[in-house]
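Right, one structure below, let's go through it.
Residue numbers (this note's numbering): 11 to 423.
What follows is the structure in structure tokens.
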């Protein structure tokens with residue numbers, strides 16, 4: 011316990027020093043470009059932590075739809091493709107995210123399911139570079155150059171490249187209890203069995219110690235300070251100041267492990283593909299996103315040609331896209347770091363580009379990103395939003411918004 015108190019005191023001291031340095035940096039006037047290319051030289055998201063089940067419940071994607079989706083890791087572009095949209099436009103300001111999706115698409119087109127899961131790092135393999143060589147010629151020149159420079163990512167396994175802060179708990183549990191004991195909770199067939207298993211095999215001193223040191227808001231806030239320090243060289247200080255003001259207040263108040271314990275007591279983990287990542291650090295026992303399942307692979311092979319990728323900001327894409335042309339929008343959590351002036355502007359462009367009765371949804375860590383009431387051509391679906399947020403399997407988000415566009419009402423576009 012003395013060691014824990016010393017560690018916590020040291021962590022608090024370091025965080026206060028970091029906070030002081032950031033505040034001093036935010037006070038200094040700087041003129042840095044938001045779109046500095048250095049920001050987009052690496053993959054920032056190798057896993058998409060947004061629940062495809064509740065996205066589909068919100069959007070009801072079908073064979074008549076033209077879908078716009080934020081690329082991120084490409085997971086939900088492929089997950090939503092399983093619902094048979096006519097066309098998918100995948101947009102991301104970071105070219106590396108689109109290179110990742112392009113690699114996945116070409117792998118789906120030209121490889122077996124086994125080789126596909128190997129090359130993206132979901133299953134163990136010592137042949138990843140050989141597999142990459144077999145599909146390299148199918149990539150665009152830009153994607154080929156990127157992956158040629160980043161073969162180490164392929165060799166190591168791309169899927170688990172990022173989000174280490176969310177998966178560290180699983181690696182910790184494996185170290186403390188052993189792999190088989192942690193895997194056991196995903197074999198439980200009832201919630202009561204699952205609760206008993208967790209109480210007997212997982213809860214205890216190691217779990218509680220981790221919750222106090224890493225799982226609480228103190229560590230989360232510290233990680234957020236680190237993120238800001240990395241972004242200061244690439245963004246305008248005034249933008250960073252506004253972007254993170256609300257996010258800080260949310261992060262300080264949350265405890266992921268508390269949410270996790272509630273989930274163990276209420277939901278079967280074997281049906282939740284995000285829980286293996288949190289509790290084990292990787293996918294296990296076939297508990298994975300829909301696009302990774304063997305039965306999805308032949309469907310995706312037939313449909314991946316429907317996906318087109320655009321490397322630009324959402325706002326720039328919408329401004330240059332025809333009116334009344336998109337029926338469904340999966341907007342990820344893109345508005346978390348959008349400033350208060352740009353947020354309604356982007357939604358107005360969603361209205362313009364969307365067809366009448368088009369639907370959109372987005373997640374947020376924030377609690378102040380509801381659909382603005384003055385956008386009267388949007389009908390918010392508040393009841394459904396609240397219900398689906400309760401069903402969200404990621405445990406990460408504090409709000410989920412769903413809107414339907416009604417173009418015969420209002421004149422705010």
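Glycine is no exception: its CB is placed at the ideal position from the N, C-alpha and C atoms.
- prompt: Alpha carbon to alpha carbon, what distance is there between residue 165 and residue 135?
  reply: 9 Å
task: Count the CB pairs spanning the region 361–372 and the region 341–348 that are closer than 8 Å, and state whether there are at least three.
output: yes
task: Taking only runs that begin and end inside the region 345–420, name each unbroken alpha helix (DSSP H) of 4 or more residues, in chain order.
output: 352–363 and 392–401
message: Looking at the strands, I want to know which residues DSSP matches up with residue 320.
response: 101
query: Three-state secondary structure (DSSP) at residue 137?
result: coil
message: Could you tell me the alpha carbon to alpha carbon distance between residue 349 and residue 202, rounded to whole angstroms?
response: 45 Å
query: residue 84 and residue 111: beta carbons closer than 7 Å?
result: yes
- prompt: Considering only C-alpha positions, which residue in the set 387, 327, 379 and 56 is nearest to residue 168?
  reply: 56
- prompt: Taking the alpha-carbon positions, what's the residue 366 to residue 281 distance?
  reply: 35 Å
task: Check residue 268 in the structure and name its three-state DSSP category.
output: helix
Cross-strand partners of residue 284 (DSSP beta bridge): Paired residue(s): none; residue 284 is not in a bridge.
message: Please classify residue 291 as buried or exposed, where buried requires at least 16 other C-beta atoms within 10 Å of its C-beta.
response: buried
message: Mapping the DSSP letters down to three states, classify residue 79 as helix, strand or coil.
response: strand
field: residue 59: CB within 6 Å of a non-hydrogen atom of the ligand PLP
entry: What this structure holds is no ligand at all, so the ligand PLP is not there to describe.
query: To which residues does DSSP link residue 64 through a beta bridge?
result: Answer by DSSP bridge pairing: none, since residue 64 is not bridged.
task: State the Cα-Cα distance for the pair residue 298 and residue 286, rounded to the nearest angstrom.
output: 8 Å
- prompt: In the DSSP assignment, what are the bridge partners of residue 340?
  reply: 79 and 371
- request: With a threshold of 16 other CB atoms inside 10 Å of the CB of residue 30, please say whether the residue is buried or exposed.
  value: Low local confidence applies: a pLDDT of 48 at residue 30 is under 50, so the model's placement there is unreliable, with the coordinate-based value given in what follows. Exposed is the call here.
Coarse secondary structure for residue 106, derived from DSSP in three states: helix
message: Considering Cα atoms alone, identify which of 325, 212, 65 and 114 is closest to residue 355.
response: 325
field: Every unbroken alpha helix (DSSP H) inside the region 184–211 [4 residues or more]
entry: 189–193 and 201–211
query: Between residue 395 and residue 415, is the Cβ-Cβ spacing less than 7 Å?
result: no
task: Locate the alpha helix (DSSP H) running through residue 53, then write down its first and last residues.
output: Here residue 53 belongs to no alpha helix (DSSP H), and DSSP marks it neither H nor E.
message: Check whether the region 100–120 and the region 307–314 are in contact - that is, three or more C-beta pairs closer than 8 Å.
response: yes
Stretch-stretch touch, CB-based, cutoff 8 Å, three pairs: the region 201–218 with the region 89–97: no
query: Excluding the five sequence neighbours on either side, which residues of its own chain have a C-beta within less than 6 Å of the C-beta of residue 188, listed in chain order?
result: none
field: Rounded separation between residue 158 and residue 151 - CA only
entry: 10 Å
- prompt: Between residue 20 and residue 52, what straight-line distance do the alpha-carbon atoms span, to the nearest angstrom?
  reply: In this predicted model, residue 20 has a pLDDT of only 48, less than 50, meaning its place in the structure is not dependable enough to derive any value.
query: So, residue 300 versus residue 92, is the Cβ gap smaller than 7 Å?
result: yes
With 16 other Cβ atoms within 10 Å as the buried cut-off, status of residue 404: buried
- request: Please name the residue, chosen from 196, 106, 351 and 337, that lies closest to residue 320 on a Cα-to-Cα basis.
  value: 106
- prompt: Under 7 Å between the Cβ atoms of residue 337 and residue 368?
  reply: yes
- prompt: Does DSSP classify residue 129 as helix, strand or coil?
  reply: helix
Alpha carbon of residue 69 to alpha carbon of residue 331, nearest angstrom: 21 Å
query: Pick from 352, 294 and 276: whose alpha carbon is nearest that of residue 284?
result: 294
query: So what does DSSP say about residue 71, is it helix, strand or coil?
result: coil
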